[in-house]
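Written below as structure tokens is the structure these notes are about.
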Amino acid sequence: MTIDKWQMTNDISIMQKTNHKLEPQEIASLGASLRAIEQKFLKQRRKEGYKKIWFQGEEPYFDVFFEFEYEKIIWFQFTLRGKTVSWDIRRPELQTGNTNELCTDDVSFYAASKTIETDNQTDWEFIYLVKLILETRAEEEIFTQALALFNK
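So in this note's numbering, spot 51 of the sequence shown is number 66, and the numbers just go up one at a time.
Next comes the structure, spelled out in structure tokens:
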């Protein structure tokens, strides 16, 4: 695949057009940048055993969400640079898609208005990248549980 100069000046386009290949240092940096958001900022369901956890990376549009029921993941979503991987216990398979976060219309400037369009064909290369990023935090139980979803 050939990349023209315009593509090389746009990091997001580079990632999308070069099959999501990142240098090991960038993968490690992305993983290390994830920080848990305080629980008081998250709307929790009033259901026994339910818990939502949100990690945010230093880079814009880099988030990892978990929903747990009795310490077991029931929903997971990873977003990075306009791409997403998600998993839901009701449909237990990894799904990929695109978000509208990189669009420049007025609606996309509001975080609560993020939409996801599921890919027609699973983006296995992006899934592999997400797995590499999560592996940088494999010593933490929450990320170990997430990684198990990639092996099903």
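Note that the Cβ used here is the ideal one computed from N, Cα and C, for glycine as well.
So what's residue i in DSSP terms, helix, strand or just coil?
{"i": "residue 131", "result": "strand"}
{"i": "residue 37", "result": "coil"}
{"i": "residue 51", "result": "strand"}
{"i": "residue 82", "result": "strand"}
{"i": "residue 158", "result": "helix"}
{"i": "residue 108", "result": "strand"}
In angstroms with no decimal places, state the Cα-to-Cα distance between residue i and residue j.
{"i": "residue 155", "j": "residue 71", "result": "16 Å"}
{"i": "residue 45", "j": "residue 108", "result": "24 Å"}
{"i": "residue 90", "j": "residue 76", "result": "19 Å"}
{"i": "residue 88", "j": "residue 95", "result": "20 Å"}
{"i": "residue 92", "j": "residue 81", "result": "7 Å"}
{"i": "residue 53", "j": "residue 68", "result": "9 Å"}
{"i": "residue 161", "j": "residue 144", "result": "14 Å"}
{"i": "residue 79", "j": "residue 63", "result": "23 Å"}
{"i": "residue 50", "j": "residue 74", "result": "11 Å"}
{"i": "residue 38", "j": "residue 100", "result": "20 Å"}
Determine the extent of the alpha helix (DSSP H) in which residue i is found, giving its start and end residues.
{"i": "residue 99", "result": "Premise fails: residue 99 lies in the beta strand (DSSP E), 98-103, not in any alpha helix (DSSP H)."}
{"i": "residue 141", "result": "139-150"}
Can you name the start and end residues of the beta strand (DSSP E) that residue i belongs to?
{"i": "residue 167", "result": "Taken as a continuous stretch (DSSP letters only), residue 167 belongs to no beta strand (DSSP E), as it is neither H nor E."}
{"i": "residue 179", "result": "A query on residue 179 cannot be resolved here, the shown segment of the chain reaching from 16 to 167 and no further."}
{"i": "residue 67", "result": "65-71"}
Buried or exposed, going by whether 16 or more other CB atoms sit within 10 Å of the CB of residue i?
{"i": "residue 159", "result": "exposed"}
{"i": "residue 98", "result": "buried"}
{"i": "residue 47", "result": "exposed"}
{"i": "residue 112", "result": "buried"}
Inter-stretch contact at 8 Å, needing at least 3 Cβ pairs: the stretch 128-138 / the stretch 147-163: no
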